[in-house]
Each structure stands twice: as C-alpha cells, then as structure tokens.
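Report on the following structure.
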Amino acid sequence: MAKSKQAALMGEVGETFVANHLKKSGYAILARNWRIKEGEIDLVALSPAGKITFVEVKSRSSLAFGHPLESITAEKAYRLQRLALAWLVSNSKFGADYQIDAAAVIIAPSGAVEIDYREAVL
Amino acid sequence: MTIGVTHGVSLMGLTGTLVQIEVDISDGLPHYSLLGLPDLALMESRDRVRSALVNSREIWPNKKVTVSLSPAWLPKSGSNFDLPIAVAILAAQQVIPIEQLKKSVFFGELALDGRIREARGVLPALISLRESNIETVVVPKANAGEARLVSGLEIIPMENISELLNWLRNGMRAEITEQFSFVQNNNFKDLSEVAGQLEAKYALEVAATGGHHILMIGPPGTGKTMLAERLPSLLPALGEQESLEVSAIHSVAGVLKERGLFSREPPFISPHHTTTRTAMVGGGSNIIKPGACSLAHNGVLFIDEAPECVTGVLDALRQPLESGEITITRAIGSATFPADFILVLAANPCPCGRLTGRGRSCTCSSLQVRRYLNRLSGPLIDRIDLRIKVEPPTRTAFSSGEIGESSVLVRERVAVARIRAAKRFKSLNISRNADIPALALRNEFKAERAGMTLLHNEMDRENLTARGFHKTLRLAWSIADLAEHELPLVEDVKRALSLRDGMDLFG
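Residue numbers (my numbering), protein chains in the order written: chain C, 1 to 122; chain D, 1001 to 1507.
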C-alpha cells in the first residue's frame, strides 16, 4: 500500500503544479479530480480565450521508465474524449468549445520540478 | 519544426527504386506512425531505430513522429530503411546539417546498440542508383567491398551511428584506401581426376564450347557427379560485366560472402532433388528472392538424380531454358532475374540403378525402367542437346596410371573454339552455338552438303524431329569449332547425332 500511496501523493503534487502553472497563464480552474464511474478528469480549466480545457496530468520521478505521456494509450485517449463530453453534459455546457491537453510532470527526488505541457493533443 | 528528408532504396528483384523518406515531428502525445506500405520487418524498425539512437546518446523525440516513405504506393520491405529513417529523424530535430542529405542514400539495418548491420542486396541497389542524381551512398562497413564494385558513386562505409554522425557533423571519417580487383580463382576441381570416361569428357568439352545442356545417364558410382562438378573449370572465366551480374544476384539472395566478392569463376549450383519449385526458380511473398536457376546464371546448374525430382520442379525450368531469364510475379509485384545457365542433369538408368551392360543384376521390371526415365518430361528432354551414357570405367582405364587431360588444357581449347564462333556471329547478337536461331541454321550456318543430306535422311526416317534437326546442327557447329573445321563436316554431324542419342562414340 505504501507504494501506491506515494504514487497518489506524487500525482496530487503534480496536478497542483500544473494547476498553478495554468493559473499563472490566466486560466480559471473549474474542477479538479472530477470523477464518475467511467473514470476521472485531472483538471478542468477555462482558458483566457474562453475555451474549456481538460488536462490529463502524468507525474513521474524520472524518465527512467520512458516519457510519462507515452503511458497515454489509444484506449486511454478515447476514454478522455468520452469523459470530457460527460463533463460538458453534466455541467450544461454541451456544445461549448473545448480542447484536451496533456501535461507531464517530472518531480526529481531533489525537488526540482519540470512541466512538459502539450496543448490539444487529441 | 522542419521536415527531415533522406533517401533509401527499395529493391524488387534486381531493380531498385529510390525512396524518399520524410520525417515530421509535431507536438502531441508521443506517437510513431510509419506510412508507405511497410511490411512487418519495416514496421518493427521503430523500436530498432529508437534504441539505436538512444544508445548512441542521441535524442529520441517524445512527440508525434510521422515517417513517410515515398512513393507511397510502392510496397516496401526489409530492415534496410532503419538507417535512413534514423538520419531523417535527427534531421527533423535539426541536430545534424541537412545540406549533405539531399544527394545521399543510406542503407542498412540498425542493431540496438547503434551498430550498422550488414545488408542484403547492396550491389543491385547501388547499380540502380547510377542513373539518379545521388552522389553519395552510406553503406554498412561489412558491405563496403561489394559497394565499391559500382563506379560513379562516392561510397561511405560506416560501422555505427556515432561514426556516421561524426562524419555528417564534422566531415571526419576514417579513410579506407584498400584496392579491390577481380581475381581468377584456380581452386577448381580438375578434370584429370576423373579416370577414363573419354566420351563423357568430350561431351562436357562440347557443352562448354557451345553452351549446350547435357543429360548423363549411368549407374551409381560411375562419376556423373564428379564430371558435372568439373564443368565450370572448362568454362572461360567470367568477364567483368558477367561477374557483376552474378554478384548482384548472389547479393540479393544474401550469399555473396560464400561466393566471394570478386570471383570470376562461373557459379556451380547443385540443388538437391527434393528442392521445391520456389527454391528452384525463386519466389517469396515479401521479398522476391532468386532461386537456384538464377544463382547459376552464367554458370552451371546441376541436378543429380533428376528423375527423383518433385513433379513440376524440372518443368519450371523450361521458361529460363528458353529465354535466359525468369519472371516471378507475386502480390507485391513482379521481379525478373537473369537465369542463363548450362543445365546438367544426371540420372540412374532405372530405380535400382544397376541396368548397365547386359543389365544382369538389375532387379527392376521393364515397366519400372520405362517409367523411370519418363519422369523427365518430353519438352524438357527436347531442350537438352547432349544425352550421353556414362558407363562404369573400363578395367584398362581404371588401372592405367595415365593421367587424363587437365582442365586448363581443355579450357584453352574451349576458349579458342569460342573465339572462332564469336567471329562467325559478328552480325548476330549471340555468342554461343546453342543460341543460333533456327532460320540462320538453314541458311548461312548450314553444315557441309553431305552432312545436311544425312540430317534430312534422319528426318525422313523419323529419327529426328524438326527441333532435333536444328539442335543437332548447333551441336555439330560446336564439334566443328573444336576440331577447327571451317564448317561442320559429315563426320561432325555424325558425332553430333551420336552425342544426342547416347550411342557409343569411341567404338
């Protein structure tokens, strides 16, 4: 259990970093860890241009096991699409302009943090 | 981001097509897509290229990588695109200068540690680049020798990716100044090692002179195989162009190393009688590979125990026997390989093999005997000019310490006879007696009057078909050339008839 707790903590820290990063760029955070039966959306934000942005955050402590974003498989990408639509429907925003971004966060044991943010990946 | 562009070569048979490789790296999730009809081996290049680059301390782009092999409609196969794809990926990342790449072709499979592995088909691929505007070709170091056979291209042999990138970035590379030249191998088996068998030896000499196909029938252990193996030693050494043709075919088949790069020896190929049709004439679904008959191009194809061959295998040879080349068509396209060889067939006289002399120890029924040689189809036998019996050596021939003529001696005679023939063929586009067109045989290349009469009489007696008439005459020309006669005399024609029918020649 200890390991997965650590991983969960890593994920949470990573999401906070990305949220702060977005806020600095003028985004408003609409939701964090929005969860339904099918899965979870890490971050939902509103861009300065008024676009609803869904963000999948992947956090790792190093690149030793490959790039974090490589773990987003085709299946996972498809699920993200459905989750995004589900969020729009349940928030009465269906039909609004939206995009899906992905962020890789590398949190080194030394505490150095590196964010690789990619827009409109799907 | 720029688009990285390099070139590779896609090989179909012996024909290479220049393939442009474009790599685009765009933002997005890490993804790799390979376009342009790749086969499975080529699909797997992704993992080889990635490991090779990473292990050579280069950067793998964790982005959306799109590799396009153009022309897109051409099916591509094999691992020789690893190297150009790797270079194009680096070019797209702008970590190497791209000016040099425009006129360069890259060739080779990558090992996971970045080494460049030996490739198949380098020679024919480079030959087909002669007419393009490509100036520089990077090849695996192991293929440097074969690549240098092609003139007009700057050949850059490379051992691994780091070495290659050092050259691309700094223009530095190890100079190789080795000189290569064609060699005449004199390690062949010598004719003098065969005891007796004067008739068979003479038949081989005639076959070598005129390029005639030959069938030897005789009981086991009489030296049929020994004789056949010595036919290449009687043939003149290959010219530079002929040698290059043979090397190109062996390169595609991946057996050039075994043959030797600069060998001028005519090839000797002896497939086993259980060989399949595909192995005999060539084939394959992704890469069309040449078969035994193409490997024997400009040399000798020897099939021992010919009647034991699987049905249809020998008859598949009828097209190459006729046209000197073979075209193989598969779903991915068709390839034509040259296949101009001297066919040597050996057969036992019957299933038990003891039907010789008075045949007293033979245990086969007469029906079995008749059926056995009938397995060689009529149309095939018809194309074979020389059909001889190889009897066990006589007591005197065996016990006499006398050594027969050596291969070198006979080869000189063959060479002289071939020169005589070549002079005669000045106006025609042929080089050997076996290729004289039928019409020419009835006009400018007639035998002596009495000889022609003899042939016509044989035809009247139905001992000779029209095809047999022409074949005998061609044979007579080879015999006349060896005997230094101006034109076939009646004795030459008689000898030709006997060589065709397997009758006793020396009384």
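Built from N, CA and C at the ideal position, the CB exists for glycine as well.
Candidates the options: which alpha carbon is nearest residue i's?
i, options, result
"A1354 (chain D)", "D:R1411, D:H1212 and D:P1219", "According to the sequence provided, residue 1354 (chain D) is Arg. The question's Ala does not apply to it. When only C-alpha atoms are compared, the closest one is D:P1219."
"G1145 (chain D)", "D:T1465, D:M1158, D:G1284 and D:M1043", "D:M1158"
"P1349 (chain D)", "D:S1361, D:A1142, D:H1213 and D:A1339", "D:S1361"
"L1110 (chain D)", "D:S1366, D:L1126 and D:L1053", "D:L1053"
"T1015 (chain D)", "D:L1380, D:I1287, D:T1278 and D:S1406", "D:I1287"
"K76 (chain C)", "C:G50, C:I100, C:F94 and C:L63", "C:I100"
"G50 (chain C)", "C:H67, C:R35, C:I29 and C:F65", "C:I29"
"A1346 (chain D)", "D:I1326, D:I1249, D:N1429 and D:I1217", "D:I1217"
"A1086 (chain D)", "D:L1164, D:E1325, D:S1151 and D:V1313", "D:L1164"
"P949 (chain D)", "D:V1105, D:Q1319 and D:V1009", "A question about residue 949 (chain D) goes unanswered here, because the residues of chain D that appear run from 1001 up to 1507."
"I1403 (chain D)", "D:E1193, D:M1172, D:V1344 and D:T1336", "D:E1193"
"K1389 (chain D)", "D:L1215, D:P1266, D:D1027 and D:L1035", "D:L1215"
"I1021 (chain D)", "D:N1166, D:T1356, D:A1092 and D:W1060", "D:A1092"
"S1243 (chain D)", "D:L1227, D:G1260, D:R1318 and D:D1315", "D:G1260"
"I1328 (chain D)", "D:P1124, D:A1306 and D:S1294", "D:S1294"
Name the chain C residues whose beta carbon is nearer than 9 Å to that of residue i?
i, result
"D1027 (chain D)", "R118, E119, A120 and V121"
"N1298 (chain D)", "Ordered by position in chain C, no residue passes the 9 Å Cβ test against N1298 (chain D), which lies about 53 Å from the chain."
Residue i touches chain D at which residues, Cβ-Cβ below 8 Å?
i, result
"G80 (chain C)", "Note that residue 80 (chain C) is Leu in the sequence shown, not Gly. What L80 (chain C) touches in chain D: nothing, since even the nearest Cβ is about 10 Å away."
"A102 (chain C)", "L1029"
"L69 (chain C)", "L1029, P1030 and N1062"
Which residue comes first and which comes last in the beta strand (DSSP E) that contains residue i?
i, result
"Q81 (chain C)", "Element bounds for Q81 (chain C): not the beta strand (DSSP E) but the alpha helix (DSSP H), A74 to S90."
"S1033 (chain D)", "H1031 to L1035"
"H1126 (chain D)", "The displayed chain sequence assigns Leu, not His, to residue 1126 (chain D). It is not in any beta strand (DSSP E) - L1126 (chain D) instead sits in the alpha helix (DSSP H) that spans V1122 to I1127."
"E1146 (chain D)", "That residue, E1146 (chain D), is in no beta strand (DSSP E); its alpha helix (DSSP H) goes A1144 to R1148."
"F54 (chain C)", "I52 to R60"
"V1281 (chain D)", "Unbroken run through V1281 (chain D) is the alpha helix (DSSP H), R1277 to V1281; no beta strand (DSSP E)."
"M1216 (chain D)", "I1214 to I1217"
"W34 (chain C)", "A28 to I36"
"A103 (chain C)", "Y98 to I107"
When we look at the beta-carbon of residue i and count the other beta-carbons within 10 Å, is it buried (16 or more) or exposed?
i, result
"A74 (chain C)", "exposed"
"T1002 (chain D)", "exposed"
"F1398 (chain D)", "exposed"
"N20 (chain C)", "exposed"
"K58 (chain C)", "buried"
"W1073 (chain D)", "exposed"
"G1507 (chain D)", "Bear in mind that a pLDDT of 27 at G1507 (chain D), under 50, signals an unreliable position, so the model cannot answer this."
"V1310 (chain D)", "exposed"
"R1495 (chain D)", "buried"
"Y78 (chain C)", "exposed"
"V1281 (chain D)", "buried"
"A64 (chain C)", "exposed"
"S1478 (chain D)", "buried"
"K23 (chain C)", "exposed"
"N1433 (chain D)", "buried"
"D1460 (chain D)", "exposed"
"D1027 (chain D)", "exposed"
Apart from the five residues on each side of it in sequence, which residues of its chain come closer than 7 Å, Cβ to Cβ, to residue i?
i, result
"G1108 (chain D)", "N1080, D1082, L1083, I1116, R1117, A1119, V1139 and P1140"
"T1394 (chain D)", "G1196"
"L1112 (chain D)", "R1048, S1051, A1052 and N1055"
"A1142 (chain D)", "E1118"
"V1410 (chain D)", "L1191, E1205 and L1234"
"H67 (chain C)", "A104"
For residue i, which residues in chain D fall below 7 Å Cβ to Cβ?
i, result
"I72 (chain C)", "L1029"
"H21 (chain C)", "What H21 (chain C) touches in chain D: nothing, since even the nearest Cβ is about 17 Å away."
If I measure Cβ to Cβ from residue i and keep anything under 6 Å in the same chain, skipping five residues before and after, which residues do I get?
i, result
"V1414 (chain D)", "A1208, T1209 and L1234"
"K1189 (chain D)", "E1229 and R1230"
"L1464 (chain D)", "E1458"
"P1038 (chain D)", "K1076"
"P1236 (chain D)", "A1415"
"W1060 (chain D)", "R1050, L1053 and V1054"
"A1480 (chain D)", "P1488 and D1492"
Ends of the alpha helix (DSSP H) at residue i?
i, result
"G1451 (chain D)", "R1449 to D1460"
"E1322 (chain D)", "R1318 to S1323"
"D1382 (chain D)", "G1378 to D1382"
"T1472 (chain D)", "A1466 to L1482"
"S1104 (chain D)", "Note, S1104 (chain D): premise wrong, no alpha helix (DSSP H); beta strand (DSSP E) at S1104 to F1106."
"Q1241 (chain D)", "E1240 to A1253"
"S1407 (chain D)", "S1407 to R1424"
Give the interface partners of residue i over in chain C, defined as CB-CB distance under 8 Å, in chain order.
i, result
"N1055 (chain D)", "Residues of chain C passing the Cβ test: none, with the nearest at roughly 15 Å."
How would you list, in chain order, the residues of chain D whose beta-carbon sits under 9 Å from the beta-carbon of residue i?
i, result
"L83 (chain C)", "Under the 9 Å cutoff, chain D gives no residues; its nearest Cβ is about 16 Å from L83 (chain C)."
What does a CB cutoff of less than 8 Å around residue i pick up in its chain, not counting 5 residues either side in sequence?
i, result
"E1154 (chain D)", "E1135, T1136 and V1137"
"R1500 (chain D)", "D1385, L1386, R1387, G1468, K1471, T1472 and L1475"
"R1424 (chain D)", "F1445"
"R1330 (chain D)", "G1283, G1284, S1285 and I1288"
"N1062 (chain D)", "P1030"
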